[in-house]
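Colleague:
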Amino acid sequence: MKTIRTKNNNLEIPAIGLGCMRMAELKDKIKIRTLIEKACELGINFFDHADIYGAGESERMFGDCLDPRTRETIIIQTKCGIRPGICYDFSRDYILSSVEGSLKRLKTDYIDILMLHRPDTLMEPEEIAEAFEILEKSGKVKYFGVSNMNPGQIALLEQAAPGKILFDQIQFSLAHCKIIDSGINFNTNNNEGINCDGGLLEYARWNKITLQAWSPFQYGMFEGTFIGSEKYPELNLLLEEYAKKYKVTSNAVAVAWIMRHPANIQTIVGSTNVERIKDISKAAQFKLSREEWYALYLAAGKPLP
Ligand SMILES: NC(=O)c1ccc[n+]([C@@H]2O[C@H](COP(=O)([O-])OP(=O)(O)OC[C@H]3O[C@@H](n4cnc5c(N)ncnc54)[C@H](OP(=O)(O)O)[C@@H]3O)[C@@H](O)[C@H]2O)c1
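See below:
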């Protein structure tokens, strides 16, 4: 598996990680154990969690199924800061208590990467920095990141916790790539030129923050996959053409499209199907040409000014 090095160079991560948001839906521990083992065999030894996935069940089942002897060989990332239906909470005490809950459910004594899940507008950067320091010093968390944050929010945190933010996890796919649209369509009258991300792509590259792409096959949040969807006929035709050319599946081409970007974006796939993950992992074995990359972008319905 292709790997990516983070800004402090201490951490090497696979270009594809496995998202565990849908893991609890499997219910069956044998299936979950197999999923973890097969992913690792493919070099996908990076697992993305959140305290809220499956209301805690995803972390719990993962913890039940992980062979503790393999703990050192995998990277566990989890998130905190969403209190479903109540509020976002980045207070020091809430972060610390969330980590305790995740450690317990995951049955581990450390988390490799802790992310703040969605921006809490009431956040106090100094309080967050204090929580990070306590967690780092106690060995409970090794690295930190954020999710769904714009450059201004990251810079605000960075001021209180210099050098600590290594990741930003955002929705990113062929059907949802606003961070690219706004740059390509800069200063035009195209809707795609509307900058709703604050220049995140350029900020992340400039500051060596690794972007992670969540929902790489979805066209909305809950609507479904664009792969095979009649809403994306042109895109699917082209994905199939390149899939034939590179002897892979459309899913692998969609991930290769993300990997082709020089920003070195890590893709977090959410499949619970071992065969599909095997196919997707082949995205790391070929590289789309510049012309193919742009052709897919256009086929997804995006304009080039
Ligand atoms: N930070 C955030 O706010 C945030 C938000 C959402 C998600 N995430 C993270 O990102 C991860 C990935 O998100 P996601 O699960 O939405 O990503 P995804 O990989 O785009 O979607 C996975 C889902 O699509 C299905 N699927 C994929 N290809 C398909 C195909 N060709 N035909 C039919 N079904 C197909 C999978 O079914 P099978 O299981 O059958 O393969 C699975 O249900 C999550 O697990 C989570 O870790 C983060």
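Following the working numbering, the numbering of the sequence shown begins with -9 at its first residue and continues without gaps.
Even for Gly, the Cβ is constructed at its ideal location relative to N, Cα and C.
Let's test the definition: count the other Cβ atoms within 10 Å of the Cβ of Q275 and tell me whether it reaches 16, buried, or not, exposed.
Modeller: Looking at its Cβ environment, which holds fewer than 16 other Cβ atoms inside 10 Å, Q275 is exposed.
Colleague: In three-state DSSP terms, what is M13?
Modeller: DSSP places M13 in helix when its eight states are reduced to three.
Colleague: Can you look up A165 in the DSSP assignment and give me helix, strand or coil?
Modeller: A165 falls in the coil class under three-state DSSP.
Colleague: With distances taken Cα to Cα, identify the nearest neighbour of Q161 among K234, E230 and W204.
Modeller: Checked all of K234, E230 and W204; the closest Cα to Q161 is W204.
Colleague: Measure the Cβ-Cβ separation of A233 and P206 and say whether it is below 8 angstroms.
Modeller: Going by C-beta atoms, A233 is not nearer than 8 angstroms to P206.
Colleague: Does the Cβ of S87 lie closer than 7 angstroms to at least one heavy atom of ligand 1?
Modeller: S87: no, Cβ never under 7 angstroms from ligand 1.
Colleague: I'd like to know if the region 80 to 98 and the region 111 to 130 are in contact, where contact means that at least 3 CB-CB pairs between them fall below 8 angstroms.
Modeller: Verdict: yes, contact present.
Colleague: Nearest-angstrom Cα distance between S271 and M51?
Modeller: Taking the straight line from one Cα to the other gives about 24 angstroms.
Colleague: Less than 7 angstroms between the CB of I258 and some heavy atom of ligand 1, yes or no?
Modeller: Yes, Cβ of I258 sits closer than 7 angstroms to a heavy atom of ligand 1.
Colleague: Report the option in E281, M249, R280 and T239 whose CA atom is closest to the CA atom of E265.
Modeller: With distances taken between Cα atoms, E265 lies closest to T239.
Colleague: Note down, one range per segment and in chain order, each beta strand (DSSP E) of at least 3 residues found wholly within the region 127 to 156.
Modeller: Runs found: 131 to 137.
Colleague: Can you tell me the Cα-Cα spacing of T178 and Y209, whole angstroms?
Modeller: Roughly 24 angstroms separates the two Cα atoms.
Colleague: If you draw a straight line from the C-alpha of Y100 to the C-alpha of C70, how long is it?
Modeller: The straight-line gap from Cα to Cα measures roughly 15 angstroms.
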